[in-house]
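Presented below is the structure to which this report refers.
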Amino acid sequence: MERLICVLICLVMAVGFAIFGLIFLKSKGKACGMIAG
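Take any residue in the sequence shown, note its place counting from 1, add 13, and you have its number in this note's numbering.
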C-alpha cells in the first residue's frame, strides 16, 4: 500500500513538472519573440 502511494506521488510530481516545463518554455518563447521583434 505504501509503495502504491509513493508511485502515485512520483507520477503526480512528474506530470506536474512536465506541465510546468511546457508552460515555462511557451512563456519564455513569447518573451524571446517580444525581445527579438
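The C-beta atom is built at its ideal place from N, Cα and C for all residues, glycine as well.
Predicted, not measured: the structure shown is a model, and the values here were computed from it.
Asked, Found
"To the nearest angstrom, how far is it from the Cα of PHE37 to the Cα of VAL20?", "25 Å"
"When the Cα atoms are used, what is the spatial distance from ILE22 to LYS43?", "32 Å"
"Going straight from the alpha carbon of SER40 to that of PHE33, what length do you get?", "11 Å"
"Roughly how many angstroms separate the alpha carbons of MET26 and GLU15, rounded to a whole number?", "17 Å"
"Quick one: grab the DSSP three-state call for MET26.", "helix"
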